[in-house]
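Visitor:
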Amino acid sequence: MKVTVEGHEDWGNQSYDELFRRILLDLGITRMVDEVHMIIEPENSFFLISLRVRTATGAKSVSEVAKVEQKPEGAMLTITNELYAPRLLAMLWRDYGRQRVDQLSRFELMVRGVKAEELGEKMLDPGEELKQKVLDAVWRLLPEGLKVRHNIYSEGVLTIAATEHTMKQDWKDLAEKIHAELELGREAV
Amino acid sequence: MYEVMMFDGGVYRIKEFYELVEDVGGFIIQKSQAQQTITVTLAIPEEEKVVIEKKSEELGGRLINVPLAGTEIAVVAPTLGRHHMPHPVCDIAEHLRRYGAITVVMGLARGKGRKTAQITADEKRIIEEYDAAVFVLGNFKDCIVEEKVRLFEEIEIPVAVVCGPELEELPSCEALVCGIGRKAERMRRAEEIEKLEETAQAVERIVRNRRKELDEDPLFVHPAEIKQAIEDLEPVQDNLRPAPIVLHLNGLRVKIPYAEWRDTLYEVEIYGRKLGEIANIRDASLTGSTLIEILTKCEVEDRDRKMSS
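Chain order of the listed sequences is C and X. If you use this note's numbering, the first sequence corresponds to residues 7 to 195, in order. If you use this note's numbering, the second sequence corresponds to residues 198 to 506, in order.
1) Suppose the cutoff is 8 Å on Cβ atoms and the five residues either side in sequence are ignored; what does the same chain contact list for V208(X) look like?
2) So that I know if they touch, is there some Cβ in chain C lying closer than 8 Å to that of A314(X)?
3) Could you check whether the segment 95-111 of chain C touches the segment 136-145 of chain C, counting it as contact only if at least three pairs of C-beta atoms, one from each stretch, sit closer than 8 Å?
4) Using a Cβ-Cβ distance cut-off of 8 Å, determine whether C287(X) contacts chain C.
5) Taking the alpha carbon of A168(C) as the reference point, which residue from L190(C), G80(C), S56(C), M116(C) has its own alpha carbon closest?
6) For T238(X), collect the residues of the same chain with a Cβ closer than 6 Å to its Cβ; drop the 5 residues on either side in sequence, then sort them by chain order.
7) Counting contacts by CB-CB distance shorter than 8 Å, is D142(C) in contact with chain X?
8) For chain X, find out if any of its Cβ atoms is closer than 8 Å to the Cβ of L25(C); answer yes or no.
9) For K345(X), which option in Y296(X), V273(X), L416(X), R386(X) has the closest C-alpha, if you only look at C-alpha atoms?
10) Taking Cβ positions only, does G151(C) come closer than 8 Å to chain X?
11) Looking at chain C, is there any beta carbon in it that lies within less than 8 Å of the beta carbon of R311(X)?
12) Measuring only the C-alpha atoms, how far is R383(X) from L277(X)?
13) What are the partner residues of Q76(C), as DSSP defines its beta bridges?
14) List the residues of chain C whose Cβ lies closer than 7 Å to the Cβ of H281(X), in chain order.
15) Just how far apart, CA to CA, sit R438(X) and D288(X)?
16) Judging by CA-CA distance, which residue of S111(C), T165(C), E134(C), M82(C) is the nearest neighbour of G126(C)?
17) Suppose contacts are defined by Cβ-Cβ distances below 8 Å. Is T313(X) in contact with A306(X) by that definition?
18) Indicate whether at least one CB of chain C lies closer than 8 Å to the CB of T238(X).
19) Check each residue of the segment 348-377 of chain X: if its Cβ is closer than 8 Å to any Cβ of chain C, include it; give the result in chain order.
20) Which residues, in order along the segment 43-58 of chain C, keep a beta-carbon less than 7 Å from a beta-carbon of chain X?
21) Determine the direct distance from the alpha carbon of E187(C) to that of E371(X), and round the result to whole angstroms.
22) I'd like the list of long-range same chain contacts for V42(C), defined as Cβ closer than 6 Å, with 5 residues on each side in sequence excluded.
23) Going by DSSP, what residues sit across from K471(X) in a beta bridge?
24) So which residues of chain X does E70(C) contact, with C-beta pairs closer than 8 Å?
25) Compute the Euclidean distance between the alpha carbons of E320(X) and T484(X), then round it to the nearest angstrom.
26) Could you tell me which chain C residues have their CB closer than 9 Å to the CB of G278(X), listed as they occur along the chain?
27) Could you tell me how far apart the beta carbons of E47(C) and P362(X) are, in whole angstroms, since I believe they sit closer than 8 Å?
28) Identify the contact partners of R146(C) in chain X, using a Cβ-Cβ distance below 8 Å as the criterion.
29) Hey, is D32(C)'s beta-carbon within less than 8 Å of any beta-carbon in chain X?
30) Does the separation of the CB atoms of H281(X) and G304(X) fall below 8 Å?
31) Are the CB atoms of A122(C) and V70(C) within a distance shorter than 8 Å?
32) Could you list which residues in chain C have their beta carbon closer than 7 Å to that of K338(X), in chain order?
33) Got a sec, what are the start and stop residues for the beta strand (DSSP E) H156(C) sits in?
34) Where V59(C) and F332(X) are concerned, what is the direct C-alpha to C-alpha distance, given to the nearest angstrom?
35) Per DSSP, K228(X) is paired with what?
36) Return the first residue and the last residue of the alpha helix (DSSP H) that N19(C) is part of.
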């Protein structure tokens with residue numbers, strides 16, 4: 007992971023570099039972040055972070071992590087890989103609503119009014135989880151008092167500029183510029 | 198002058214130890230027993246230290262110097278958020294406890310940010326009820342020197358500041374420890390533990406100075422003597438809080454409601470006088486607590502003179 011920190015205070019820059027590495031390690035996503043660029047101007051209460059994330063791999067279909075059977079009232083799932091259970095349940099709740107999903111036991115789920123074939127083909131997207139973890143990492147790093155934020159998000163690149171008072175146009179432009187640079191980096195990779 | 202020490206040993210013949218402490222004119226401040234082992238915090242006259250040391254050796258225990266015993270210290274972070282609060286703040290508080298202090302961790306309501314960081318009058322009043330305060334600040338010199346310094350500039354108790362960048366000096370504080378800053382993990386590495394030691398020593402220094410100031414015009418009685426007199430009161434005995442009586446450098450915090458027990462406390466007898474005559478008893482900001490601020494000998498004499506004239 008390449009980390010660049012720009013700012014006038016060496017101690018602060020270095021500590022933010024270490025802090026971010028530590029946070030990523032805590033969340034277990036160190037290997038998922040390619041490049042990070044931070045600009046820290048404490049004298050202006052301005053903080054910018056832009057990061058490029060690798061594409062999440064290992065997407066699995068529901069039938070790969072659970073046995074799917076057709077029953078008269080709907081699709082019956084028997085989870086075979088428990089590692090995916092939280093993600094599977096979250097996806098079922100999101101797509102069919104909690105009222106249609108019955109948890110019969112730790113490994114057995116009944117989704118009422120759904121065809122087994124249709125459910126078995128659904129994909130569990132690890133990208134969503136990764137996005138949430140990256141956002142969590144950025145939230146943990148961003149100075150707490152800098153509440154005024156300008157976010158830019160494109161495929162795999164996230165940029166957040168934060169300040170305490172009014173967000174200046176110059177800072178927004180700077181955020182766009184850094185964001186574009188990291189996007190270019192993706193193409194180079 | 199009293200010296201506060203900690204005995205670490207077994208329960209065997211411990212009563213002999215208590216009796217000796219009492220005989221030399223000392224006090225037991227706190228006892229904590231875990232099965233066969235016991236730690237006892239005690240205050241003894243300085244000149245009797247040798248006798249007590251000898252007895253501890255005889256009992257197979259050891260006497261540890263706890264320079265912050267008998268103090269209550271506030272460790273203050275700009276907010277309760279995870280950006281400021283958890284690791285260094287808790288590690289510092291824990292390390293001060295090893296030196297014998299009772300510590301309280303506190304987050305300000307609006308201490309975050311740079312120009313928007315502020316402290317309320319209530320928060321100042323709460324902090325001032327402690328013997329000293331440790332303010333744990335962040336990573337940027339400009340932010341600390343230009344803005345955060347306002348958080349503690351009007352605090353009337355000694356303040357130690359802990360921050361990240363190396364600063365030569367900082368106004369409005371009695372001690373400064375640099376090189377800690379924001380952290381996302383516990384302080385476990387050797388150099389970090391060294392910094393915790395440095396912080397504890399800085400706090401010890403400011404507490405020692407405060408003790409010296411108090412010695413110039415000594416208190417009428419030592420706080421431990423009042424503790425001994427009030428610890429048998431029914432509300433104190435029934436109190437389920439971990440430390441119902443906490444010693445301060447110039448008094449005590451008793452964790453019983455002021456409104457309900459002020460008269461009882463006022464009437465407690467200390468060397469033939471009422472406690473209310475030799476101390477100011479007032480409501481504490483910490484809910485359900487009472488503060489007892491012992492008057493100095495001069496203040497008591499002055500009060501007596503006014504009463505008689």
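Every residue gets a Cβ at the ideal spot worked out from N, C-alpha and C, and that includes glycine. None of the values given here were measured: they were computed from a predicted structure.
Guide: Well, looking at it:
1) Q230, Q233, T234, I235
2) yes
3) no
4) no
5) S56(C)
6) M203, I226, Q227, A266
7) no
8) yes
9) V273(X)
10) yes
11) yes
12) 17 Å
13) A81(C)
14) E150
15) 23 Å
16) M82(C)
17) no
18) no
19) G361, P362, E363
20) P48, E49, S51
21) 47 Å
22) V9, L57
23) E466(X)
24) Under the 8 Å cutoff, chain X gives no residues; its nearest Cβ is about 35 Å from E70(C).
25) 14 Å
26) E150
27) Their Cβ separation, rounded to whole angstroms, is 15 Å, which puts E47(C) and P362(X) out of contact at 8 Å.
28) R279, H280, A381
29) yes
30) yes
31) It is worth fixing the name first, because residue 70(C) is Glu in this sequence and not Val. Not in contact: E70(C) and A122(C) (Cβ atoms no closer than 8 Å).
32) E15
33) 154-160
34) 37 Å
35) V237(X)
36) 16-33
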